[in-house]
Amino acid sequence: MALLKRLKGASLMETLTASVIVVIVFMIANLSFSNIFLSTIKSNSFELENRKQELKYLIRNGKLELPYFGEGAYWNESIQQSAQGKYVILEIINDRNNKIWTDTLVFNN
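Residues in the sequence shown are numbered from 1 upward in steps of one, following this note's numbering.
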């Protein structure tokens with residue numbers, strides 16, 4: 001006789017309410033993860049760091065004609081020599097987050 005007992009089911013409103021709550025939770029989680037991944041992608045500067053080291057190497061070994069202006073995948077490069085010619089100013093502007101990186105290389109002549 002226990003098999004013939006009628007089971008109580010959830011009403012349509014309870015089912016819809018639970019579905020809406022689950023969708024809202026997944027939407028909040030998705031927005032959080034996409035924000036985290038987007039900030040990770042914006043702060044990834046491996047390619048830019050590599051280019052900085054390459055430009056320093058080219059300057060130190062005299063392989064780069066000054067003044068130099070160039071563009072990368074997401075940055076602008078500017079290299080200028082001082083009026084006395086004793087140092088070089090290297091400036092790179094990151095277009096993704098508008099950060100400016102400046103370095104001065106001093107020559108011992």
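Virtual Cβ for every residue (Gly too), placed ideally from N, Cα, C.
(message) To the nearest angstrom, how far is the alpha carbon of Glu47 from that of Thr15?
(response) The alpha-carbon atoms of Glu47 and Thr15 are separated by roughly 50 Å.
(message) Does the segment 93–104 come into contact with the segment 41–60, if we say contact requires no fewer than three beta-carbon pairs (one atom in each stretch) closer than 8 Å?
(response) yes
(request) Out of Gly72, Glu91 and Ala73, state which residue places its alpha-carbon closest to the alpha-carbon of Gln81. (result) Distance check between Gln81 and each of Gly72, Glu91 and Ala73 places Glu91 closest, using alpha-carbon atoms only.
(message) Taking the straight line between their C-alpha atoms, what separation do you get for Thr102 and Ile89?
(response) Taking the straight line from one Cα to the other gives about 7 Å.
(message) For Ile24 and Leu55, which I take to be in contact (beta-carbon distance under 8 Å), what is that distance rounded to the nearest angstrom?
(response) Contact flag wrong, Cβ pair sits at about 49 Å.
(request) Apply the 10 Å Cβ neighbour rule to Ile36 and answer buried if 16 or more other Cβ atoms are within range, or exposed otherwise. (result) exposed
(message) Tell me the DSSP secondary structure of Gln81 in three-state form.
(response) Of the three classes helix, strand and coil, the one that applies to Gln81 here is strand, per DSSP.
(message) So the candidates are Met13, Ile59 and Glu49; which of them puts its Cα closest to the Cα of Gly85?
(response) Ile59
(message) Quick check on DSSP: helix, strand or coil for Leu90?
(response) strand
(request) Take Ile93 and list the residues in its own chain whose beta-carbon comes closer than 7 Å to its own, dropping the five residues that flank it on each side. (result) Trp75, Asn76 and Ile100
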